[in-house]
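Here our numbering is used: position 18 in the sequence shown is 0, and no number is missing along the way. Built from N, CA and C at the ideal position, the CB exists for glycine as well. Here the structure comes first, spelled out in structure tokens, and everything after it is commentary.
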Amino acid sequence: MTLRLYELVGANDIRFSPYCWRVRMALAHKGLAAEIVPCKFTDKALIAFSGQTRVPVLVDGERVIADSWNIACYLEDAYPDRPSLFGPGLGRRLTRFFNLWVDGEINPTLLRMIVRDILDIVHPDDREYFRSSREARFGQPLETVQSERHLHMERLAQFLIPVRTMLADSSYLCGDSPGYADYILFGTFQWVRCSSELEVLDSSDPIFEWRERMLDLYGGVARRYGRAMAIRDRST
Ligand SMILES: N[C@@H](CCC(=O)N[C@@H](CS)C(=O)NCC(=O)O)C(=O)O
């Protein structure tokens, strides 16, 4: 049975959604191939069958699963003979906690730091939608939100302290090999890497080295995408 993943697409075919990257990496971890269906922000009709308006959406035969966390749990339960995403015992609950923390703290902080840059890499058909929907959310022009990015640097640095501690004595957050917690946070860094010139990691940082390892996983699937690809035809 073919798996199908509906995934956000931007300018020049860039794939920049943090949540879609989690699922891409989880599928690769499980050794599962999927047909990837690119979906713009405004392609709501394409995913209407899922009963909601966001990607990622995974279709596996008759099953339709939306939300990256639900998809990870589905893959873990539907494909138990493949490598585990969470490990045994308490792994799933603790990973759920990490998922909520990244979604609730790290991603919103970074969004304020790169939201105007994202406008440059969304699909041209989505530019108006992205600006108006995000400006309605922030109650400010995107330029104003991002101009205050320096105010969030310290908060981000604080968030990354425990991540760095974990990576001081292991190659991955999950230990000697990557697990879903790695994919959760990697999705965030891949989103920033594909959307913005903002370099949040110094090359001597263990988190930078971890990101390099993550970019090399599964034949370097994530390394193929980067901001340069998205902006290559832009003159402004
Ligand atoms: N909690 C969801 C979040 C998914 C999400 O926000 N996806 C964004 C793309 S990164 C989206 O589809 N947004 C639609 C929109 O803004 O209209 C998950 O983990 O999958």
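Assumed close pair residue i, residue j - CB separation to whole angstroms, cut-off 8 Å
i	j	result
residue 103	residue 18	Not really, about 18 Å apart at Cβ, beyond 8 Å.
residue 54	residue 162	5 Å
residue 35	residue 111	About 12 Å; that fails the 8 Å criterion.
residue 189	residue 133	Going by Cβ atoms, the distance from residue 189 to residue 133 rounds to 21 Å, so no, they are not a contact pair.
Inter-residue spacing [alpha-carbon to alpha-carbon] between residue i and residue j
i	j	result
residue 6	residue -14	11 Å
residue 12	residue 97	32 Å
residue 101	residue 108	9 Å
residue 203	residue 197	7 Å
residue 214	residue 39	28 Å
residue 155	residue 145	7 Å
residue 126	residue 74	39 Å
residue 143	residue -12	34 Å
residue 28	residue 21	7 Å
residue 88	residue 172	13 Å
residue 209	residue 174	9 Å
residue 60	residue 216	43 Å
residue 69	residue 160	11 Å
residue -2	residue 211	11 Å
residue 157	residue 76	14 Å
Proximity winner among the options, relative to residue i (alpha-carbon distances)
i	options	result
residue 78	51, 66 and 34	51
residue 181	122, 49, 43 and 139	139
residue 170	185, 90, 152 and 153	90
residue 80	-9, 165, 191 and 151	165
residue 93	70, 66, 137 and 58	137
residue 86	131, 8 and 141	141
residue 49	-9, 63, 133 and 33	33
heavy atom of ligand 1 below 6 Å from residue i C-beta
i	result
residue 1	yes
residue 119	no
residue 104	no
residue 224	In this structure the chain extends from -17 to 218, so residue 224 is not present and cannot be described.
residue 215	no
residue 80	no
residue 49	yes
residue 31	no
residue 296	Here the chain has residues from -17 to 218 only, and residue 296 is not among them.
residue 23	yes
residue 124	no
residue 9	no
residue 40	no
residue -13	no
Sub-7 Å separation of residue i and residue j beta-carbons
i	j	result
residue 2	residue 46	no
residue 8	residue 57	yes
residue 167	residue 41	no
residue 30	residue 105	no
Chain D within 7 Å of residue i, Cβ atoms only
i	result
residue 76	In the displayed structure, chain D is absent; only one protein chain is listed.
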